[in-house]
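Residue numbers (the working numbering): 430 to 791.
Idealized CB from N, CA, C, for every residue including glycine.
These numbers come from a predicted model, not from an experiment.
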Amino acid sequence: MTSTMPHRPVTAPAIPDTMRALRKMSAAPGFTLERIPVPSIGPSDVLIRVKTVGLCGTDQHIYGWDHWAQRRVKPPLTIGHEFMGYVAAVGSAVKAVQVGDRVSAEGHIACGVCALCRTGQAHICEHVEIIGVDTNGAFADYIRMPESNVWKLDPSIPDSWAAVFDPLGNAVHTVMAADVSVKSVVITGVGSIGLMAIPVARAAGAAKVFAIDVNPQKLELAKRVGADATFSALQPDLVDEIITRTGGDGADVLLEMSGSGQAINNGLAMVRNGGVAALLGIPSDEVEINLAERIIFKGLTVLGINGRKMFETWYQTQALVTSGRVDLTPIITHEMRFEDFEAAFALMKSGEAAKIVLHVDE
Ligand SMILES: [Zn+2]
Ligand SMILES: [Zn+2]
């Protein structure tokens, strides 16, 4: 009986021929809910029935069809990269994953054979394909992933938390790269990843965490999740204030999460000589920086942060959550139904939400 369906074990629940998928159908703003074939899988692939997904700024860029999206995305494409679900089928060569496993997955599909991939740096593979950006994504009933990208979830992790391991992993990678132990940390931009970075930095032993944003609601949340002090980015003497609060030297570490040119410049000015700046936020345009004043004379170490280390960051992320050191409850501000995606994107645009998750399978 398996001869007609070589990669679908007989114990798997029936897999339909078609599925719902949230797609970018043309080079214009918006998404549409389409019905398309369920992806077929190769020998090393896993088919995952998606249960819960997270909405990301990246999805919003693609929804709005900004310059970045116009350059990068080729419609038609199923969007979404933050998700969790259950394994529905496995290819004949798959070893570590079984039908029924509860999983998330690394959304950056690295080539696996380039020099970077072979030296433990797959997160910066030049041939990377990102699900929901370069290849069909997770805002659908099913997604195909290579076995090597699949992450088995600890059963204690709630669905909504598991769905956002991707951005939580960005926060973990940034904090761990900067080495915040017993140091003063400034976080510029407390959107969902900036907020996640607060308990992660606390867990990693940060002595002080200061959060800066333009949005008062986000600053309120930042306090709730463990920031020692929060500041409006619009406060005119903010650089002096942070320098005063760090004994006149400046902060040891900057975690830049906003991508705003002004925040980057102010953030670098707040860091002490010899400090570290880890940059995760992506500016939409080129940013002018006085390199001599802000970086060279200060002897700063500047780190570019991309994705999550495969899979060191995933082990760290899961350990931070299962040990109770990171609580995402205050950060996941909205849980909605998949069908209500228009309302969810409008809510995200309003700035009132931190993290929104959608339940695909109810
Ligand atoms: Zn994301
Ligand atoms: Zn590679």
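Outcome for residue i when other beta-carbon atoms lying within 10 angstroms are tallied against a minimum of 16
| i | result |
| --- | --- |
| L663 | exposed |
| K778 | exposed |
| Q691 | exposed |
| V427 | Nothing about residue 427 can be read from this structure; the chain reaches only from 430 to 791. |
| A633 | buried |
| R501 | exposed |
| G703 | exposed |
| E576 | buried |
In DSSP terms, what residue i is bridged to
| i | result |
| --- | --- |
| F460 | DSSP lists no partner for F460. |
| R478 | Y515 and Y571 |
| F639 | V615 and A658 |
| G733 | L708 |
| V682 | V614 and V705 |
| G483 | E511 and V786 |
Residue i: CB within 7 Å of a non-hydrogen atom of ligand 3
| i | result |
| --- | --- |
| E511 | Ligand 3 is not part of this structure, which contains only ligand 1 and ligand 2. |
Alpha-carbon to alpha-carbon, residue j and residue i
| i | j | result |
| --- | --- | --- |
| E764 | A680 | 36 Å |
| D474 | V523 | 7 Å |
| M434 | F512 | Confidence in M434 is poor, its pLDDT being 47 and thus under 50, which makes the residue's placement too unreliable to answer from. |
| T617 | P504 | 33 Å |
| A775 | Q489 | 10 Å |
| A551 | D563 | 17 Å |
| V447 | R478 | This sequence places Thr at residue 447; Val is not what is there. The alpha-carbon atoms of T447 and R478 are separated by roughly 12 Å. |
| A773 | I785 | 7 Å |
| A658 | I671 | 10 Å |
| P458 | Y492 | 5 Å |
| A640 | L749 | 21 Å |
| V609 | I627 | 11 Å |
| A544 | T742 | 20 Å |
| N565 | V593 | 18 Å |
Proximity of residue i and residue j at Cβ, strictly below 8 Å
| i | j | result |
| --- | --- | --- |
| V482 | L787 | yes |
| I538 | V557 | yes |
| S613 | I761 | no |
| A630 | V604 | yes |
| E685 | A651 | no |
| L709 | N578 | no |
| D530 | V789 | no |
| W497 | S533 | no |
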